Structure formats: structure tokens, C-alpha cells
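J.: Dumping the structure here so I can ask a few things about it.
There are 2 protein chains.
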Amino acid sequence: MKHSKYDALKLENQLCFPLYACSREIVKRYKPFLDEIGLTYTQYIVMMVMWERKSVNVKELGECLYLDSGTLTPLLKKLEFKGYVTRMRSDKDERNLVVAITDEGEKLKDKAVEIPFQIAGCTNLTPEEGVQLYGILYKILGTNP
Amino acid sequence: MKHSKYDALKLENQLCFPLYACSREIVKRYKPFLDEIGLTYTQYIVMMVMWERKSVNVKELGECLYLDSGTLTPLLKKLEFKGYVTRMRSDKDERNLVVAITDEGEKLKDKAVEIPFQIAGCTNLTPEEGVQLYGILYKILGTNP
DNA sequence: ATAAATTAAATTGAGTGCAATTTAATTATA
DNA sequence: TATAATTAAATTGCACTCAATTTAATTTAT
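Same order as they appear, the protein sequences are chains A and B.
Residue 412 is where the first sequence starts when you use the numbering used here, and the numbers rise one by one after that.
Residue 412 is where the second sequence starts when you use the numbering used here, and the numbers rise one by one after that.
Set out below in C-alpha cells:
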């Protein structure tokens, strides 16, 4: 096998590329299930936070999801329009926007609860591989660049 | 620890979420290096294919990168405008668009060759973890949903 | 040979992502 | 206490990403 100083530039020698491709691939596999409840993938993970926390401000949401207000502001307006959350400035500090789940949003949880089980079979990872992957990904996320 | 039937909907119990977050995080870490050569991450992986293959059609490129013409067509027009590739219909089959690297595109490779080494230190994974991650990601990509 | 089916790109439109800037509110400081 | 610095969202603008449709070329089936 011939070597060149350019080997490091080959797609097959990258870790970033399969990570990027895999991420998009998995989101694509969620789509048919998310379509049934009318959410995009990003809206779904926002709702996951809402189902757990009931009420958060945009900053906290951004910290949970690694997203900023440029992404979240229009997305939250859509979720508000669909009736799943409310958006109100905080009384204590009017810079903060409090996002709170509605009854409709709570109801959606009962439809969404099936999704993790429906999606479970869509990769062929062993439980050990799942655990490994989880650990490695969070190790990367924990690294300050 | 209390359990609920909604546990599977918690963000911390998802594999897809850290994958999605990690992918975006890594692309973000490439940005300062890619800025120096004036490419976006997606343009960079397209150029990686071009540096290896010299000439491909859009379909092949899409298969390599898991992207479709909706993403590739405008992106390739930008790379053509920058002078790194040419775009020409195939003589044999005019449905195919042949994308070929230019001399300018080849020159860019010498600037880009440093990037994999500059980026190498940006995660704290052990070599074993890198290999594990690589294997697991390609296992997922190889799964037909 | 011609019509029907298939294929490859391009186009369209909705929805992110994100860097950079702006606006408004709050806090820290001279 | 005015002013400066900081903070939280919103806004702006550019670049994807992808489903669905359209257009044009080629194959297949009649």
C-alpha cells in the first residue's frame, strides 16, 4: 500500500465525516415517526426538554441542546403557534423569555412516548456498542476545545 | 430512583441526541481552520472527494457523502465560482454532470493538508476510543433502516 | 420504432444552524 | 447615581439539508 503525505485528507481516514453522516442518517430515520406527531427532529428534542422541565428560559434551553437563540427563537415561535408552549418575558428579569409547556404540549407526550421504542430497532448496535458510543460522544461533548 | 413510562423520552436516555450535538460541535471546531482556506465544512468534504477522485458525477458524490442534488448543486456552483472545480455534462450520457478538479483545486490541497493535524488535538479521545467510535459509526451507516 | 418507465440534475420551499449585530434590561463601577 | 459593561433574546444574512417536484435524457417494453 502506497503512502502519501495527503493520506490524512482522505475521507476514509476521518472521524468527523462518519459522525456527520451518521447524525443526519439517524435524524432521517426518525422522520416517519415524527411526521405522525407533526414535529421536526429539532422541535422534538426541544419538546423533550419541555416534557422534563415544564418551564425553561431560552438560555437554559440553548445550554441543554447546544443551540442558540438564532435557531431557537423561530423554532419556539412555531411550537407556540402549534399550541405546545407559551412564551412570556420573566417578571423578575425581563431579559429572560420563559418558555412553558401547555396542556396540549403535555398531551403530545403520550403520543411521543412510543417513538423511542419504534426507533430502537433501527440500528444494529449491540447493547455494549450503544453504551460505548454514548460514553465516547459525551466525552467529546465534555471537552472544551 | 423513581421510574416512569416516560423515561425513554428523556434527553439523557437518547443516543441520537449526543450524536447530533457532537456532529455539530466537531464541525464548529473545524471552522477556524476552514476559514483560513475559505471553505465551509461541507465544501471541505466535497473537496476531499475531489482530491482523491479528480473527477466524479453528482450521483457518485452524493453516494460518497450521503447528500443529494438539492444540497450538492448549489454547493458545486459555489466551488466552480471559486475556481476549484469545473462542471460539465457528460458526452456519453448527458443526464450526468461531471465535476472535475482544477489546478487551483489541486493547489488548495497543499493548504488543506495541515488541517487534519491541526484538528487532531481537539478531542480527548484515546486511540482505542477513536477506533471504537469509527467502527460503530460505520456499522450504523451500513445498516439499511 | 414508439410509448412508458426510469434515471440524473436542477429547482422549490420549509426548516434549521450559526456568526455577527442589534435591542433592551440589568448589573457593576467610577 | 450616572455611566460603562454585561447579559438575554431577537434579528439578519448566509449556507446548508432534505422532501417533493420538474425537466431532460436514456432505457425498457410493447
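Ideal Cβ positions, reconstructed from N, Cα and C, are used throughout, including at glycine.
Quick caveat: nothing in here was measured; it's all calculated off a predicted structure.
Report yes or no: is there a C-beta of chain B within less than 9 Å of the C-beta of G541 of chain A?
T.: Interface residue, yes.
J.: Quick check: the Cα distance between L490 of chain B and Y452 of chain B, rounded to an integer number of angstroms?
T.: When rounded, the distance between both Cα atoms is 13 Å.
J.: Kindly provide the ranges of any alpha helix (DSSP H) runs that are 4 or more residues long and lie completely inside the region 417 to 462 of chain B, ordered along the chain.
T.: Listed in chain order, they are 427 to 448.
J.: Just to confirm my understanding: we take N507 of chain A, look at its own chain, exclude 5 residues before and 5 after, and list those with CB closer than 6 Å. What are they?
T.: Within the same chain, N507 of chain A has close Cβ partners N468 and S501.
J.: Within the 9 Å Cβ cut-off, does F444 of chain B reach chain A?
T.: No, because no Cβ of chain A sits closer than 9 Å to the Cβ of F444 of chain B.
J.: For T534 of chain A, count the other beta carbons within 10 Å of its own beta carbon; 16 or more makes it buried, fewer makes it exposed. Which is it?
T.: Label assigned to T534 of chain A: buried.
J.: On the DSSP bridge assignment, give the partners of A511 of chain B in chain order.
T.: Looking at the DSSP assignment, A511 of chain B forms a beta bridge with B:S466 and B:T497.
J.: Leaving out five residues on either side along the sequence, give the residues of the same chain with a beta carbon under 8 Å from the beta carbon of V557 of chain B.
T.: Limits of chain B in this structure are 412 at one end and 556 at the other, which puts residue 557 of chain B out of reach.
J.: Please name the residue in B:F528, B:I530 and B:G553 whose C-alpha comes closest to that of L536 of chain A.
T.: If we check each option's Cα against that of L536 of chain A, B:G553 comes out closest.
J.: From the beta carbon of M459 of chain A, is the nearest beta carbon of chain B less than 9 Å away?
T.: Chain B, which has a Cβ nearer than 9 Å to the Cβ of M459 of chain A, makes this yes.
J.: So what's G541 of chain B in DSSP terms, helix, strand or just coil?
T.: Residue state, collapsed to three classes: helix.
J.: Could you work out which residues of chain A lie near F428 of chain B, taking near to mean beta carbons separated by less than 7 Å?
T.: Those within 7 Å of F428 of chain B in chain A are I456.
J.: Could you work out which residues of chain B lie near A419 of chain A, taking near to mean beta carbons separated by less than 8 Å?
T.: Chain B residues near A419 of chain A: V524, P527 and F528.
J.: Just reading off the alpha helix (DSSP H) that S480 of chain B is part of, what are its end residues?
T.: Start and end: S480 to F492.
J.: Nearest-angstrom Cα distance between V438 of chain A and C427 of chain B?
T.: Their backbone Cα atoms lie some 8 Å apart in a straight line.
J.: Near V496 of chain A, what residues of its chain come up, given a Cβ to Cβ distance below 7 Å and the 5 sequence neighbours on each side ignored?
T.: Taken in chain order, the residues that qualify are M461, L487, L490, V510, A511, I512, T513 and G516.
J.: Please work out which residues of its chain come closer than 6 Å, Cβ to Cβ, to K442 of chain A, disregarding the five sequence neighbours upstream and downstream, and give them in chain order.
T.: None.
J.: On a Cα-Cα basis, can you pick out the residue from A:Y549, A:V457, A:I448 and A:S480 that is closest to K518 of chain A?
T.: Ranking the options by Cα distance to K518 of chain A, first place goes to A:I448.
J.: Using only the alpha-carbon positions, how far apart do D521 of chain A and Y417 of chain B sit?
T.: Cα to Cα, D521 of chain A sits roughly 8 Å from Y417 of chain B.
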